[in-house]
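Number of protein chains: 2
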Amino acid sequence: MTDTASTKRSAPRGRIDKRVAILDAAFTVFARRGYEQACVQEIAEVAGVAKPTVYNHLSDKENLFRHAIEAAADAVMADNLAVVDRMRDAGDDLRTTMEDVAYRMLRICCDERSRALRRLAYAQLNRFPDVIEVVHRRTSGRLAEGLADRLARLCLSGHLRPCDPTQAAEQFLALLTGPMETRSQLGSRKVSAAETRAVAAAAVDTFLRAYRATPADPS
Amino acid sequence: MTDTASTKRSAPRGRIDKRVAILDAAFTVFARRGYEQACVQEIAEVAGVAKPTVYNHLSDKENLFRHAIEAAADAVMADNLAVVDRMRDAGDDLRTTMEDVAYRMLRICCDERSRALRRLAYAQLNRFPDVIEVVHRRTSGRLAEGLADRLARLCLSGHLRPCDPTQAAEQFLALLTGPMETRSQLGSRKVSAAETRAVAAAAVDTFLRAYRATPADPS
DNA sequence: CTCCTTTTGAACTTATGGGTTCACTTTATT
DNA sequence: AATAAAGTGAACCCATAAGTTCAAAAGGAG
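Protein chains in written order, with UniProt numbering: chain W, 1 to 219; chain S, 1 to 219.
(1) To the nearest angstrom, report how far apart L64 (chain W) and R88 (chain S) are at their CA atoms.
(2) Name the two residues that bound the continuous alpha helix (DSSP H) containing C110 (chain S).
(3) Return the Cβ separation of V191 (chain W) and C109 (chain W) in integer angstroms, given the expectation that the two are a contact with Cβ distance under 8 Å.
(4) Give a single yes or no on whether A68 (chain S) has its beta carbon closer than 6 Å to a heavy atom of the ligand FAD.
(5) Mind pulling the chain W residues with CB within less than 9 Å of I132 (chain S)?
(6) Report yes if the C-beta distance between L175 (chain W) and Q167 (chain S) is below 7 Å; otherwise report no.
(7) Please return the same chain residues whose Cβ sits closer than 8 Å to the Cβ of K18 (chain W), not counting the five positions on each side in sequence.
(8) Count the other CB atoms within 10 Å of the CB of T96 (chain W); is the residue buried (16 or more) or exposed (fewer)?
(9) Please list the partners that residue 227 (chain S) has in chain W, where partner means a Cβ-to-Cβ separation under 8 Å.
(10) Where in the region 126-196 of chain S do unbroken runs of the alpha helix (DSSP H), each at least 4 residues long, occur, reported from the N-terminal end onward?
(11) Which residues, taken in chain order from the region 17-44 of chain S, show a beta carbon closer than 7 Å to some beta carbon of chain W?
(12) Answer yes or no: does any C-beta atom of chain S fall closer than 7 Å to that of E170 (chain W)?
(13) In the region 189-204 of chain S, which residues sit with their C-beta less than 7 Å from some C-beta in chain W, listed in chain order?
(14) Among S:V135, S:R189 and S:A200, which has the Cα closest to the Cα of A179 (chain S)?
(15) Closer than 7 Å, CB to CB, is T214 (chain W) near chain S or not?
(16) I want to see whether chain W comes within less than 7 Å of R138 (chain S), judged by CB atoms only; does it?
(17) Just the Cα atoms here: how many angstroms apart are M105 (chain W) and K61 (chain S)?
(18) Examine chain W for any beta-carbon lying closer than 7 Å to the beta-carbon of L64 (chain S), and answer yes or no.
(19) Leaving out the 5 sequence neighbours to the left and right, which residues in its chain are closer than 7 Å to A213 (chain W) when beta-carbon positions are compared?
(20) Between the region 195-211 of chain W and the region 34-46 of chain S, can you find at least three pairs of beta-carbon atoms closer than 8 Å?
(21) Check whether the Cβ atoms of A152 (chain W) and P165 (chain W) lie closer than 7 Å to each other.
(22) Please confirm if R113 (chain S) has its CB atom under 7 Å from at least one CB of chain W.
(23) Bridge partners of T88 (chain W), per DSSP?
(24) Straight-line CA distance for A121 (chain S) to V135 (chain S)?
(25) Answer yes or no: does any C-beta atom of chain S fall closer than 7 Å to that of G178 (chain W)?
(26) Please list the partners that residue 301 (chain W) has in chain S, where partner means a Cβ-to-Cβ separation under 7 Å.
(27) Under the rule that 16 or more other beta-carbon atoms within 10 Å means buried, what is D79 (chain W), buried or exposed?
(28) May I ask which residues mark the beginning and end of the alpha helix (DSSP H) holding E36 (chain W)?
(29) 7 Å is my cut-off, CB to CB: does R107 (chain W) come that close to chain S?
(30) When you compare the CB positions of F27 (chain W) and A72 (chain W), do they come within less than 7 Å of one another, or not?
(31) Whose C-alpha, out of S:S59, S:A68 and S:D100, is nearest the C-alpha of L23 (chain S)?
(32) Could you tell me which chain S residues have their CB closer than 7 Å to the CB of R209 (chain W), listed as they occur along the chain?
(33) For C163 (chain S), collect the residues of the same chain with a Cβ closer than 7 Å to its Cβ; drop the 5 residues on either side in sequence, then sort them by chain order.
(34) According to DSSP, which residues form a beta bridge with R212 (chain W)?
(35) Taking just the CA atoms, how far does A169 (chain S) sit from residue 234 (chain S)?
(36) The alpha helix (DSSP H) that contains V54 (chain W), what's its start and end?
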């Protein structure tokens, strides 16, 4: 592992945190302008760094993009995992718990970073298919996986009817994100917290109508 | 400049169909390269036309983009309306009819033109928010509206439980397109017809579980 | 044929931005 | 203080592409 601690090692002094400043700035500028319109000069300025320093840390613009995108994807993944983990104690009041989790998921999916990531992914599908595939796996993919795990438990505990948890997770996420994309016009306008909560509640309601164990079929 | 007026002067000879050739070529090239990477030279070549001719018909690259995108959106809208119209005779066998309609919708949402439109919309949200808003209204928006009309009828005829048809349509479309986006990795890989049919069937199944009128509540 | 519009090809202007070079300064460690 | 790695600013090269100009050609209408 490398030197993450403060003031250690001999070679890269406390200045190597410029690398993360550059990656942060890169994501900011790519998000603002798109890949082609983002110029390295602006990234350097936002990072508070000279242009050759950028090229010193990351060989070229393509590399800059790959690393910036993957770093952002990792951050989003961390958020996703934290939220999905809240489903663990979902036994008590299923509907309330799911509404809470749903709302938090929507918050993540609609924050600036996630939206920028989605925009960049769509825009650069042709140029960077490999990067985009990784991003997709680490964000939506991980989220769906983790959610499927939780749903599987709920099936076994008799809270949900027997079903394919992967498909259930896929559909639950679709019920959440689809309507949000519609309401926000692909993320171009803000959606109020109240409306977001309404979307979450509607998604949970429909999901539970379709997947709740029937009263006549307890366990 | 006079490009919005309908047929300037007296019949500009059979050569003015070069305009549609240019718009077609423009969409093709924008779809292939993205807005910034598409060069007017290539558009001219694909259209079988000289570069100054392009500038003669459409003032500049921005104008070219706007008209090409809106033309493509109109074409997609026409397809959408045709499919949604098939829901009119949905009374007989609700599930079968809906599965057929769902499958056709997925075909449209996943064809090359729709995918390119979606990619361009996401990519150019910042630069052309107005165009993208129009595209959204004419494609997804119209589709949701038309579908909501059909669902409202099904509520009144007692096939579906009483509900908000707009929300039901929104969720039905989400159940369709969401999983398809996941399976196709944002449209980067093809999904077999069989899998597409399975997604459609799953969406209809979940939708009907949530929205079908309960047997105990006939009308 | 003649007039008039449109098209064409090619060269040209201008602007932008990726990537590099280099001489110079900053900083931390010994 | 000495040293070496890292950072800086400015200038530079080069490729690409938007948009224009112009003289010549093509094609339909009268």
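Beta carbons are placed, not taken as given, at the ideal position from N, Cα and C, and that holds for glycine.
With the structure as the only source:
(1) Linking L64 (chain W) to R88 (chain S) through their CA atoms gives a straight-line distance of about 52 Å.
(2) Secondary structure note for C110 (chain S): its alpha helix (DSSP H) is the uninterrupted segment L94 to C110.
(3) Distance from V191 (chain W) to C109 (chain W) at the Cβ level is roughly 11 Å; contact not present, criterion being Cβ atoms closer than 8 Å.
(4) As for the ligand FAD, it is missing from this structure, which has no ligand bound.
(5) The answer, in chain order, is Q185, L186 and S188.
(6) It is not a contact, given that the beta carbons lie outside the stated cut-off.
(7) Contacts found: A47, V49, T53 and H57.
(8) So T96 (chain W) ends up on the exposed side.
(9) The structure shown has nothing for residue 227 (chain S), since chain S only spans 1 to 219.
(10) For the region 126-196 of chain S, whole alpha helix (DSSP H) runs of length 4 or above, ordered along the chain, are 129-136, 142-156 and 165-183.
(11) Against chain W - using a Cβ distance shorter than 7 Å - the residues of the region 17-44 of chain S are G34, E36 and Q37.
(12) It does; some Cβ of chain S falls within 7 Å.
(13) Hits within the stretch, in order: A202.
(14) As written in the sequence, residue 179 (chain S) is Pro, which differs from the Ala given in the question. P179 (chain S) has its Cα closest to that of S:A200, out of S:V135, S:R189 and S:A200.
(15) No, T214 (chain W) lies away from the interface with chain S (no Cβ there is under 7 Å from its Cβ).
(16) Answer no: the Cβ-Cβ gap between R138 (chain S) and chain W never drops below 7 Å.
(17) Whole-angstrom Cα-Cα distance: 39 Å.
(18) Using beta-carbon distances, L64 (chain S) does not count as an interface residue toward chain W, since no partner is under 7 Å.
(19) Once the five neighbours on either side are set aside, the close Cβ partners of A213 (chain W) are G158, H159, L160 and R161.
(20) Not touching, per the Cβ criterion.
(21) Yes.
(22) Answer no: the Cβ-Cβ gap between R113 (chain S) and chain W never drops below 7 Å.
(23) The sequence as given places Arg at residue 88 (chain W); Thr does not occur at that position. Looking at the DSSP assignment, R88 (chain W) forms no beta bridge with any residue, so it has no partner.
(24) One C-alpha to the other measures close to 8 Å.
(25) A Cβ of chain S is located within less than 7 Å of the beta carbon of G178 (chain W).
(26) Only positions 1 to 219 of chain W appear in the structure, and residue 301 (chain W) is not among them; the question remains open.
(27) Buried, because 16 or more other Cβ atoms sit within 10 Å of the Cβ of D79 (chain W).
(28) Taken as a continuous stretch (DSSP letters only), E36 (chain W) belongs to no alpha helix (DSSP H), as it is neither H nor E.
(29) So, not an interface residue.
(30) The answer is yes: Cβ separation under 7 Å.
(31) Among S:S59, S:A68 and S:D100, the Cα nearest to that of L23 (chain S) is on S:A68.
(32) In chain order: R209 and A210.
(33) Here C163 (chain S) has C155 and Y211 as same chain residues with Cβ atoms under 7 Å from its own Cβ, once five neighbours each way along the sequence are excluded.
(34) Paired residue(s): W:L160.
(35) Because residue 234 (chain S) is not part of the residues shown, which for chain S are 1 to 219, the question remains open.
(36) DSSP places V54 (chain W) in the uninterrupted alpha helix (DSSP H) bounded by K51 to H57.
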